[in-house]
Structures are given as structure tokens and as C-alpha cells.
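Asks: What follows is a structure written as C-alpha cells; I'll ask about it next.
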């Protein structure tokens with residue numbers, strides 16, 4: 001082989017080589033990781049989940065804890081619809097709308113009766129659950145995928161609750177309401193396609 | 001030369017295949033420890049054991065000591081059935097039980113100790129029966145199943161102790177209920193997948 005051909009071949013091989021992953025996640029761990037990351041990698045999911053926690057903190061006891069209990073259960077129902085192949089109209093719009101509405105609730109410090117808050121959160125949970133549920137059949141391990149995305153969703157609620165606890169202080173209340181406003185605007189961005 | 005090559009390949013194919021194992025045990029740690037780890041590597045078992053532990057702990061260990069005994073006896077019966085290779089497709093039962101127990105934990109319903117003990121008994125039977133080690137036989141199988149029994153018992157002690165300890169302040173009680181709702185949600189989703197006409 002001529003030196004120039006050898007050089008071209010070697011360079012091509014070096015450029016084409018892929019990264020070797022030593023710990024490729026498949027099976028149980030792969031299912032968990034893909035499930036855990038699914039809500040986190042979607043900005044629309046993240047801001048809506050944080051808004052649930054923030055709103056719960058605004059509403060105070062017992063809503064601060066009831067909403068995160070209601071959400072996963074209704075989300076599972078939405079997920080089941082997705083798994084069963086039952087279509088839910090405008091899922092992506094519903095997810096984006098959840099950010100708009102829940103963010104606005106926080107921004108304007110709306111305090112409805114607890115059952116109204118639970119119904120609002122539950123209605124949006126169906127859209128989020130449906131989006132996760134449609135991914136479930138393709139997961140490496142459906143059980144660990146579900147464990148991953150439910151825990152991930154719960155932790156996002158928790159981060160919202162933690163942020164929302166700042167409302168004890170006047171400046172913290174302003175920060176939380178501003179956070180709600182940002183979430184609501186992001187929701188508008190998702191709906192209009194700007195984000 | 002060619003015939004020799006084919007013989008070598010054939011010998012390799014005969015020698016290299018390993019035993020097919022349902023839950024991929026870890027090599028080199030022995031049958032007993034593999035048995036202990038078995039429930040950890042079967043997510044449905046882990047889910048159900050966690051729910052049971054939370055259910056018992058939430059209602060207080062002191063008033064539900066009988067559940068510890070009935071769980072042990074149920075597990076013994078289940079593992080004995082597994083020893084005799086009595087196996088059923090348990091996934092749906094395991095997930096249904098996890099869904100019910102998760103809801104019971106999230107609703108924090110008042111259950112009599114006798115009911116909790118009865119639930120623990122049946123959970124022990126179901127998980128024990130589903131822990132069959134078909135790739136093993138004789139002493140190896142006995143050791144692995146014994147390890148599974150120990151593992152199941154140890155595993156349920158963690159969530160039980162956690163739920164019993166964190167059962168004083170309101171936020172702790174709600175935290176346990178939140179975890180119960182997570183378990184119910186996970187079980188419901190995977191159950192939907194199991195019965196989905198789209199998949200089946």
C-alpha cells in the first residue's frame with residue numbers, strides 16, 4: 001500500500017470510529033435510566049411538574065402534599081391510555097397548556113378550594129401520563145422504566161415544593177410568583193413553537 | 001484442513017454456551033448470595049416487597065408483629081412450591097397486588113392487624129412461588145431458594161423500618177403516602193402494558 005493510501009485509510013478509520021461505551025445501559029438499568037430521564041429531558045414536562053410543586057406550596061397544607069399524591073395516580077391513568085393505544089387529543093398542546101395554567105396560578109397566587117386544584121392538576125396529569133405511556137412499550141424494561149419516570153416526576157414536584165417553601169418570606173413569595181410567571185411564559189412559548 | 005476447522009468450530013459451539021438463567025445471576029458470588037439478590041433483580045418483586053414493608057411499617061411494627069410471622073410462613077410455602085417447580089405466570093398477580101398495596105398505603109386506611117397478616121401471608125406465597133430457579137437443581141437449588149427467602153425477608157425490613165420510624169410528624173406520614181402512590185402508579189402502568197391489546 002502506498003503511504004498516501006495508508007494515510008487516507010488510517011485517517012478515515014480514526015474519524016469514523018465511534019465512542020466505545022463501557023457501561024451501556026440495557027435491561028433493568030436501561031429501562032430505569034430511560035424512564036428517569038424521559039420527564040427531565042422534556043422542558044415542557046419539567047416546568048409543569050415544578051409548577052405543581054410550587055402551586056402546592058402556595059396553597060399550603062394539605063394541598064402541598066395532596067397534589068403530588070394525586071398527580072402520579074392520575075398520570076398512571078393517562079399512561080395506561082397511552083399504553084392501550086387509546087388516543088388523547090392534543091397531548092403536546094395539553095402539556096404546554098399545563099405549564100401556562102399552572103404557572104399562571106402560581107404567578108397570580110390563585111387559591112381555589114382544594115378539590116378544584118386537584119381536578120385541574122389531575123386533568124393535566126392525563127396529558128403528561130399519556131406522553132410517558134406511549135414510550136412504555138418500547139422500553140428496555142417496562143417496570144423499571146415506570147419506576148424511573150414516576151420517581152423522576154416525584155422529584156421534580158419535590159424541587160417545586162422546595163422552591164415554593166420560600167413563600168414564608170416576603171421576598172421569597174415574590175421570587176416564587178416570578179417563577180410561576182416564567183413557567184407560564186415558557187408554556188406560551190411551547191404552544192406557539194417559539195421554544 | 002477444512003474438516004478440522006469445522007470440527008473446532010463445532011466443539012466451540014458445544015462448549016461455550018452457558019446455562020440460560022431467568023434473571024441473570026452474577027457469576028462468582030455463589031448460589032446463596034445470588035438467591036439473596038434475586039428479589040432485587042426482579043423489579044416486580046422489589047415493588048411488591050416495598051409496598052408490603054410500607055404497609056406494615058405505616059401501621060406500626062409493634063401492633064403488626066404477626067404479619068412478620070405470616071410473611072415468613074407464606075414465603076416458606078411459596079419457596080417450597082418453587083422447589084417442586086410449580087410455576088405460574090405471576091407477573092399480573094404481582095403487579096395487581098402491588099397496585100392494591102400501593103393504594104392502601106397512599107390512602108392510609110385503617111386495617112386490622114389480622115388483615116395485614118393475611119395480606120403478608122399471600123404476598124409471601126406469590127413472591128416465593130415466582131422465585132423458581134429452574135436452571136438449578138439439587139443442593140444448588142436449595143441453597144439459592146434459601147438465599148431468596150433470606151433476601152425477601154431482609155428486603156421488606158427496610159421499607160418497614162423506614163415507614164415505622166418516619167411515622168411521627170405529618171410531613172413524614174404524607175411522604176410515606178406519596179411513595180405508596182408512586183408504587184400504585186408504577187404497578188398500574190405496567191399492568192396496563194400487560195393487558196394492552198396493542199401489545200398482545
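Chains as they are written, first to last, in this note's numbering: chain F, 1 to 195; chain A, 1 to 200.
Ideal Cβ positions, reconstructed from N, Cα and C, are used throughout, including at glycine.
1) Do the CB positions of residue 194 of chain A and residue 95 of chain A come within less than 8 Å of each other?
2) Am I right that residue 53 of chain A and residue 156 of chain A are in contact with their C-beta atoms under 8 Å? What's the rounded C-beta distance?
3) Report yes if the CB atom of residue 124 of chain F is closer than 8 Å to the CB atom of residue 91 of chain F, and no otherwise.
4) Tell me which residues share the same chain as residue 189 of chain F and place their Cβ nearer than 8 Å to its Cβ, disregarding the 5 neighbours each side in the sequence.
5) As a quick exercise: from F:131, F:169 and F:104, pick the residue whose alpha carbon is nearest that of residue 51 of chain F.
6) Which residues of the segment 67-99 of chain F have a Cβ closer than 7 Å to any Cβ of chain A? Give them in chain order.
7) Cα separation between residue 2 of chain F and residue 8 of chain F?
8) How about residue 32 of chain A and residue 147 of chain A: do their beta carbons lie closer than 8 Å?
9) Closest to residue 58 of chain A by C-alpha separation, out of A:107, A:192 and A:29, would be which residue?
10) Could you say which of F:174, F:4 and F:70 lies nearest to residue 119 of chain F if we only look at CA atoms?
11) Quick one: grab the DSSP three-state call for residue 95 of chain A.
12) For the segment 182-193 of chain A, which residues have a CB atom closer than 9 Å to at least one CB atom of chain F, in sequence order?
13) From F:73, F:42 and F:67, pick the residue whose C-alpha is nearest to that of residue 54 of chain F; which is it?
14) So is residue 22 of chain F in contact with chain A if we call contact Cβ pairs under 8 Å?
15) Quick check for students: name the residue ranges of the alpha helix (DSSP H) that lie wholly in the segment 99-141 of chain A, counting only runs of 4 or more.
16) Going by alpha carbons, who is nearest to residue 73 of chain A out of A:116, A:141, A:124 and A:196?
17) Does the segment 26-41 of chain A touch the segment 99-116 of chain A, meaning 3 or more C-beta pairs lie closer than 8 Å?
18) If contacts are defined as beta-carbon pairs under 8 Å, then residue 136 of chain F and residue 79 of chain F qualify, I think. What distance do you get, rounded to the angstrom?
19) So that I know if they touch, is there some Cβ in chain A lying closer than 8 Å to that of residue 55 of chain F?
20) How would you list, in chain order, the residues of chain A whose beta-carbon sits under 7 Å from the beta-carbon of residue 146 of chain F?
Replies: Inspection of the coordinates gives the following:
1) Taking the C-beta atoms as reference points, residue 95 of chain A is found nearer than 8 Å to residue 194 of chain A.
2) With 8 Å as the limit, residue 53 of chain A and residue 156 of chain A qualify as a contact, their Cβ atoms being about 4 Å apart.
3) Contact flag unset, no.
4) Hits under 8 Å: 195.
5) Check the Cα spacing between residue 51 of chain F and each of F:131, F:169 and F:104: the tightest is with F:104.
6) Answer in chain order: 68, 69, 72, 73, 75, 76, 79, 80, 83, 84 and 85.
7) So the two alpha carbons sit approximately 10 Å from each other.
8) In this structure, residue 147 of chain A lies closer than 8 Å to residue 32 of chain A by Cβ.
9) When only C-alpha atoms are compared, the closest one is A:107.
10) If we check each option's Cα against that of residue 119 of chain F, F:70 comes out closest.
11) DSSP, read as helix, strand or coil, puts residue 95 of chain A in helix.
12) The residues in question are 182, 183, 184, 185, 186, 187, 188, 189, 190, 191, 192 and 193.
13) Residue F:67 is the option with its Cα nearest to residue 54 of chain F.
14) Bear in mind that the predicted position of residue 22 of chain F carries a pLDDT of just 49, short of 50, making it unreliable; the figure below should be weighed with that in mind. Not an interface residue.
15) Those alpha helix (DSSP H) runs which fall completely within the segment 99-141 of chain A and span 4+ residues are 113-129.
16) Cα-wise, what sits closest to residue 73 of chain A is A:124.
17) The segment 99-116 of chain A, when compared against the segment 26-41 of chain A, does not touch it at the 8 Å Cβ threshold.
18) Contact holds; Cβ gap of about 7 Å.
19) Chain A, which has no Cβ nearer than 8 Å to the Cβ of residue 55 of chain F, makes this no.
20) Those within 7 Å of residue 146 of chain F in chain A are 186, 189 and 190.
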